[in-house]
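If you read the sequence shown in UniProt numbering, its first letter stands for residue 1, the second for the next number, and so on. Just so you know, even glycine gets a beta-carbon here, dropped at the ideal spot from N, CA and C. As the structure is a prediction and not an experimental result, all values here were calculated from the model. Right, one structure below, let's go through it.
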Amino acid sequence: MHITVIRTGGFGGLTRRATLDTAGRADAAELASLARDSLVQGRGQRPMGVPDGFHYEIVVDGNTAYCADPRLTESQSALISKVLKEGDQER
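As structure tokens, then:
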């Protein structure tokens, strides 16, 4: 499973993008569960956020969901943190 998180917005308006491949990872089942939950709980279009808050695009094997601070679910927050921390950073 390939999971990509794109974070935009925030005070500086910078974009950050990271991709994590779950193949061969010990936590692959946990990541798959978080990814499924995040897609189900996400929106089909970009939601309104708060001023200077982050907006997220979560892409899991071609399926996309959108979410924004401060209304992240626990699954979305955990998945976003993991992917941005451990995933391959892209520009």
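### Task
Indicate whether the contact test is met: 3 or more Cβ pairs, each with one atom in the region 65–78 and one in the region 25–40, closer than 8 Å.
yes
### Task
Assign residue 50 to one of three DSSP states: helix, strand, or coil.
coil
### Task
Under 8 Å by Cβ, that's how I've got residue 9 and residue 44 pegged, so tell me the actual separation to the nearest angstrom.
Not really, about 19 Å apart at Cβ, beyond 8 Å.
### Task
Could you check how far apart the C-beta atoms of residue 42 and residue 18 are, in whole angstroms? I think they sit under 8 Å.
Not really, about 17 Å apart at Cβ, beyond 8 Å.
### Message
If you reduce the DSSP assignment to three classes, tell me which class residue 36 lands in.
### Response
helix
### Task
Taking only the alpha-carbon atoms, compute the straight-line gap between residue 90 and residue 16 and give it to the nearest angstrom.
7 Å
### Message
With distance defined between alpha-carbon atoms, name the residue in 54, 22 and 4 nearest to residue 12.
### Response
54
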